[in-house]
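Visitor: Residues in the sequence shown are numbered consecutively from 0, following numbering that gives the first Met the number 0. Glycine included, each C-beta is placed from N, C-alpha and C at the ideal position.
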Amino acid sequence: MGARGGREFLARLDSTKREVWYGGEKIEGNVSSHPVFRGIARSLAALYEMQASPDSRDSMTYTSPSSGDRVGLSFLQPKTKEDLVRRTRMMKAWADYSGGMLGRTPDYLNSSIMAMAAAEGFFGKEGTDFASRVRDYYEYVRENDLLLTHTLINPQVNRAVGPSKQADPFVAARVVEKTSEGVIVRGARMLATLPMADEIMVFPSTVVRSGQDDAPYSIAFALPVSAKGLKFICRETFSSDSKYDHPLASRFDEQDAVVVFDDVVVPWERVFILEDPEKANKVSEETSAIVFMAHQAAVREAAKAEFLAGLATLVAETIGADQFPHVQEKIAEILLTAESMKAFIRASEANASPNRWGLMTPDYVPINSARNLWPRVAPRFAEIVKQLGASGLMAIPPKEILASAERPDVDRFYQSKLLGAEERIGLFKLAWDAAGSSFGGRQDLYERFFFGDPVRMASAYYAWYDKEPYRERVRKLLARE
Ligand SMILES: Cc1cc2nc3c(=O)[nH]c(=O)nc-3n(C[C@H](O)[C@H](O)[C@H](O)COP(=O)(O)OP(=O)(O)OC[C@H]3O[C@@H](n4cnc5c(N)ncnc54)[C@H](O)[C@@H]3O)c2cc1C
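#1: Could you please give me the residues that DSSP links to F260 through a beta bridge?
#2: My output table needs one value for H325: the three-state DSSP class, helix, strand or coil.
#3: Within 7 Å: the Cβ of D106 and any heavy atom of ligand 1?
#4: Can G186 be considered in contact with ligand 1, in the sense that its beta carbon sits closer than 7 Å to one or more heavy atoms?
#5: Buried or exposed: where does D244 fall if 16 or more other Cβ atoms within 10 Å of its Cβ makes it buried?
#6: Report the CB separation of V201 from A187 in whole angstroms; it is logged as a contact under 8 Å.
#7: Could you name the residues of the same chain whose beta carbon sits closer than 8 Å to that of E253, not counting the 5 residues immediately before and after it, in chain order?
#8: With H, G and I counted as helix, E and B as strand and the rest as coil, what does DSSP make of Y496?
#9: Considering only residues of the same chain and omitting the five flanking positions on each side of G425, which have a CB-CB separation below 8 Å?
#10: Under 7 Å: does the beta carbon of T150 sit that close to some heavy atom of ligand 1?
#11: Note down the Cα distance separating R208 from P154, rounded to an integer number of angstroms.
#12: Name, in chain order, the residues that DSSP records as bridge partners for Y481.
#13: Does DSSP put V174 in a helix, in a strand, or in coil?
#14: Can you grab the Cα-Cα spacing for the pair S32 / A10, in whole Å?
#15: Taking Cβ positions, are K341 and A301 nearer each other than 8 Å?
#16: What did DSSP end up calling V156 once you bin it into helix, strand or coil?
#17: When we look at the beta-carbon of P374 and count the other beta-carbons within 10 Å, is it buried (16 or more) or exposed?
#18: Ligand 1 and G451: does the residue's C-beta get closer than 7 Å to at least one heavy atom of that ligand?
#19: So, with DSSP's three-state summary, where would you put A221?
#20: D408: buried (16+ other C-beta within 10 angstroms of its C-beta) or exposed?
#21: Starting from the C-beta of S97, find all residues in its chain whose C-beta is less than 6 Å away, skip the five residues before and the five after it, and write them out in chain order.
#22: By Cβ distance below 8 Å, which residues in the same chain neighbour E274 in space, the five residues on each side in sequence not counted?
#23: Are D197 and T15 close, meaning C-beta to C-beta below 8 Å?
#24: Spatial neighbours of V265 within its chain, please: CB distance less than 7 Å, with the 5 preceding and 5 following residues excluded, ordered by chain position.
#25: Taking all protein chains shown into account, decide if Q322 is buried (16 or more other Cβ within 10 angstroms of its Cβ) or exposed.
#26: Of the residues K25, D144, V170 and K78, which one's Cα is nearest the Cα of Q50?
#27: Alpha carbon to alpha carbon, how far is E24 from V257? Give it in angstroms, no decimals.
#28: Going by DSSP in three states, I395 sits in which element: helix, strand or coil?
#29: Is F36 helix, strand or coil when you go by DSSP?
#30: If you follow the alpha helix (DSSP H) that H294 is in, where does it begin and where does it stop?
#31: From the DSSP output, in three-state form, read off V265 for me.
#32: Is M514 helix, strand or coil by DSSP?
#33: Is R208 near ligand 1, with its Cβ less than 7 Å from a heavy atom?
#34: Need the endpoints of the alpha helix (DSSP H) that L147 sits in, please.
#35: In the DSSP assignment, the beta strand (DSSP E) including G71 goes from what residue to what residue?
#36: Can at least three beta-carbon pairs, one atom from the stretch 279 to 287 and one from the stretch 82 to 93, be found at a separation below 8 Å?
Given below as structure tokens:
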């Protein structure tokens, strides 16, 4: 089949049975027309359509080595630096479509499974066929262009102890039994963005480490979302049908869900790590999956910083505030972040080298630095947009006012130096959706946490970074005559 277009994506979305709960309702019927999902479904369809469009097909896809079909470029296993650059261009095209507001475009997890599939030696060590299972799964996902979600974290019941020490040992998803059919899993995981994916990957956290007691929880597998007993419990939606009132939420609310495993049978061919804390702790690093995911994330982050720099500039210019030095300084701060992310990406590609599994792999030093810097700088964007927009961010009446008897007042009092009232309100609604609405609040939280707890990530970064050359320079200075 190969790379999907928008129509194929929507058709599969609607034909896949899944148990998704929204409030008291189990969603029945076509997911693509449900109010919670229709905005994001259309946006994802537009991304897939870029793969089918004659204008962008060549830059979004490549020829599958197994079927000869065109398949999505984020599945490409890079062998050269040029391959990495091709991947980056493709990922940037998807990220630019949403101004970086879509955290989970399909390339994020495609990059992860692509890297893991190459790491045969990692999965295959104990004479099992784990390695071929991962490779087969990657090829299945690639050839059918499936949309993946994933869930890595146990429910937030008591973080003082690990999953095996919780009062209820079946809160966190774990192995209950092994049968001839496969592994039976019970419990829950938190969180999975995009519950309207085709498949879910259940993998160990990239940050939290498991001890020997955690063996039943130390698993990695993948399932179709239609698997019996698999349930998604959604948060409140931020979506809306009004593109004018909620320009981002109406298009890009990805939705996040807690995932419940009600004695789900995971067929053996979908089990990749089983009751193995050591492997669970190493899988992201040793397969380089984390590097390729962080590379994709940095590309999206650059796109987001560029988009927000554009938005902040328009907001300031529109009301004539762009002449003030502190306003310029704040916009410059966003531009500096955009340029920093792009520099990290370029450096990671320029210094790329083959990993032990033969994939041309971005240099982890700049890419891990981008990964750790981002949750520290991204929260500033919302602050800056709010500082620049000020009360204008509240002068955003619902669209209906434009067709009401109040229109003359609106035209007079809501205009700005550069824009008429309708356009100014539209621009400020966009700014509010990016920085302050429930959608904007979720964006802020996402950027802080999507790659894991930034505090523990920073500790790991501190331990991993080779600081010795810098220490030595200080010692030398002290010893200087
Ligand atoms: C919008 C959004 C979307 C997400 N989507 C996904 C997804 O699709 N898939 C997925 O797998 N995950 C997803 N996540 C979850 C993400 O992986 C977690 O938020 C992240 O790993 C942090 O874990 P936590 O939220 O459970 O925080 P916790 O671990 O519960 O941390 C809460 C607080 O306690 C502190 N803390 C807890 N334990 C320790 C410790 N041992 N040492 C020091 N400090 C500690 C933390 O620093 C933090 O301040 C998403 C998160 C968000 C916000």
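Guide: Per the coordinate set shown:
#1: As a first step, residue 260 is located in the sequence shown; it is residue number 261 there, counting from the start. In the DSSP output, where bridge partners are listed per residue, F260 has G186 and L229.
#2: Numbered from 1 along the sequence shown, position 326 holds the residue referred to as residue 325. Helix at H325.
#3: Indexing the sequence shown from 1 puts residue 106 at position 107. No; taking the cut-off as 7 Å, the Cβ of D106 has no heavy atom of ligand 1 nearer than that.
#4: Here the question's residue 186 lines up with position 187 in the sequence shown. No, the beta carbon of G186 sits no closer than 7 Å to any heavy atom of ligand 1.
#5: The residue you call residue 244 lines up with position 245 of the sequence shown. Buried is the call here.
#6: Within the sequence shown, the letter at position 202 stands for residue 201. Within the sequence shown, the letter at position 188 stands for residue 187. Going by Cβ atoms, the distance from V201 to A187 rounds to 11 Å, so no, they are not a contact pair.
#7: Translated into positions along the sequence shown, residue 253 becomes position 254. I39, L101, G102, R103, T192 and L193, listed in sequence order.
#8: In the structure as shown, the chain begins at 0 and stops at 480. Residue 496 is therefore absent and cannot be evaluated.
#9: Locating residue 425 in the sequence shown gives position 426, counting from the first residue. So the list reads Y243 and P246, once near-sequence residues are dropped.
#10: Translated into the one-based positions of the sequence shown, residue 150 becomes position 151. Correct: T150 has its Cβ closer than 7 Å to ligand 1.
#11: Within the sequence shown, numbered from 1, the residue matching residue 208 stands at position 209. Within the sequence shown, numbered from 1, the residue matching residue 154 stands at position 155. The alpha-carbon atoms of R208 and P154 are separated by roughly 15 Å.
#12: One cannot answer for residue 481 here, as it falls past the ends of the chain, which runs 0 to 480.
#13: Counting from one through the sequence shown, the residue named residue 174 turns up at place 175. Of the three classes helix, strand and coil, the one that applies to V174 here is strand, per DSSP.
#14: Looking up residue 32 in the sequence shown gives position 33. Looking up residue 10 in the sequence shown gives position 11. Looking at the two C-alpha atoms, the distance is approximately 11 Å.
#15: For the purposes of this step, residue 341 is taken as the residue at position 342 of the sequence shown. For the purposes of this step, residue 301 is taken as the residue at position 302 of the sequence shown. The criterion of a C-beta distance shorter than 8 Å is satisfied by K341 and A301.
#16: Position 157 of the sequence shown holds residue 156. In this structure, V156 counts as coil in the three-state DSSP scheme.
#17: In the sequence shown, counting from the first residue as 1, residue 374 sits at position 375. Its Cβ being crowded by 16 or more others within 10 Å, P374 is buried.
#18: Here residue 451 is taken as the residue at index 452 of the sequence shown, counted from 1. G451 Cβ: within cutoff of ligand 1.
#19: Indexing the sequence shown from 1 puts residue 221 at position 222. Strand, per DSSP.
#20: On the sequence shown, position 409 is the one that residue 408 refers to. By the Cβ-count criterion, D408 is exposed, with fewer than 16 other Cβ atoms from all chains shown falling within 10 Å of its own Cβ.
#21: Numbered from its first residue, the sequence shown carries residue 97 at position 98. Within the same chain, S97 has close Cβ partners F251.
#22: In the sequence shown, residue 274 corresponds to position 275, counting from 1. Here the set comprises V174, A214, P215, S217 and I218.
#23: The count along the sequence shown starts at 1 and reaches residue 197 at position 198. The count along the sequence shown starts at 1 and reaches residue 15 at position 16. With contacts defined as CB atoms closer than 8 Å, D197 and T15 qualify as a contacting pair.
#24: Against the sequence shown, residue 265 aligns to sequence position 266. Cβ neighbours of V265 beyond the five flanking positions: G181, V182, V184, F220 and L222.
#25: For the purposes of this step, residue 322 is taken as the residue at position 323 of the sequence shown. Exposed, since its Cβ has fewer than 16 Cβ neighbours within 10 Å.
#26: For the purposes of this step, residue 50 is taken as the residue at position 51 of the sequence shown. Among K25, D144, V170 and K78, the Cα nearest to that of Q50 belongs to D144.
#27: Counted from its first residue, the sequence shown places residue 257 at position 258. Counted from its first residue, the sequence shown places residue 24 at position 25. If I take the Cα positions, the gap works out to 15 Å.
#28: To locate residue 395, count along the sequence shown from 1; it is residue 396. Three-state result, I395: coil.
#29: Position 37 of the sequence shown holds residue 36. Reduced to three states, the DSSP call for F36 is coil.
#30: Residue mapping note: residue 294 aligns to position 295 of the sequence shown, counting from 1. Note, H294: alpha helix (DSSP H), A288 to T317.
#31: Position 266 of the sequence shown, counted from the first residue, corresponds to residue 265. If DSSP states are grouped into helix, strand and coil, V265 belongs with the strands.
#32: Residue 514 lies beyond the residue range present for the chain, which begins at 0 and ends at 480; the question has no answer from this structure.
#33: By one-based count along the sequence shown, residue 208 stands at place 209. R208 has its CB no nearer than 7 Å to any heavy atom of ligand 1.
#34: Stepping through the sequence shown from its first residue, residue 147 is reached at position 148. Per DSSP, L147 belongs to no alpha helix (DSSP H); it is in the beta strand (DSSP E), L147 to T150.
#35: Here residue 71 refers to the residue found at position 72 of the sequence shown. Looking at the DSSP string, the run of the beta strand (DSSP E) that includes G71 is R69 to G71.
#36: Not touching, per the Cβ criterion.
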